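Scroll down for the structure; my scribbles are underneath it.
Set out below in structure tokens:
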């Protein structure tokens, strides 16, 4: 298993993995090829893939707002789950974020996603029950 940077050349592989792993995405909005390419150009070290040989088996995208780092788009092929792939991707994203100066690293996890809740707890993250998530969106695609 090797972790390496992703480029826009892997866009179709990324979407295929997200389909296999049932990760919802918005290909006409925030997850469009042009949107992801723009983000990759700004922070190329934040887009990582786990590979078994030439097969993409996991992704993680990180982001940093100069105050807090975020773990995003964590997905692992169902055939490769429970092998430590997600933990390796999280560790690699944390390393990239710390290099940019992040002192706090966070992730949004849906309350019903028991596997991800367990994973982030195992990786040392603390669930905050006193925080309520709000958002205001210009469209359902962002």
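Residue numbers (my numbering): -10 to 131.
Every residue, glycine too, gets a C-beta built ideally from N, C-alpha and C.
Since the structure is predicted, the reported quantities are computational estimates derived from the model, not experimental observations.
Query                                                                                                          : Result
Three-state class that DSSP yields for residue 1 in the structure shown                                        : helix
Residues that DSSP places opposite residue 49 in a beta bridge                                                 : 37
With 16 other Cβ atoms within 10 Å as the buried cut-off, status of residue 6                                  : buried
Distance, residue 45 Cα to residue 51 Cα                                                                       : 17 Å
Classification of residue 131 by the beta-carbon crowding that lies within 10 angstroms, buried from 16 upward : exposed
Residue 31, enclosing alpha helix (DSSP H) - first and last residue                                            : 22 to 31
Exposed unless 16 or more other CB atoms sit within 10 angstroms - verdict on residue 121                      : exposed
Residue range of the alpha helix (DSSP H) that includes residue 68                                             : Element bounds for residue 68: n/a, residue is neither H nor E.
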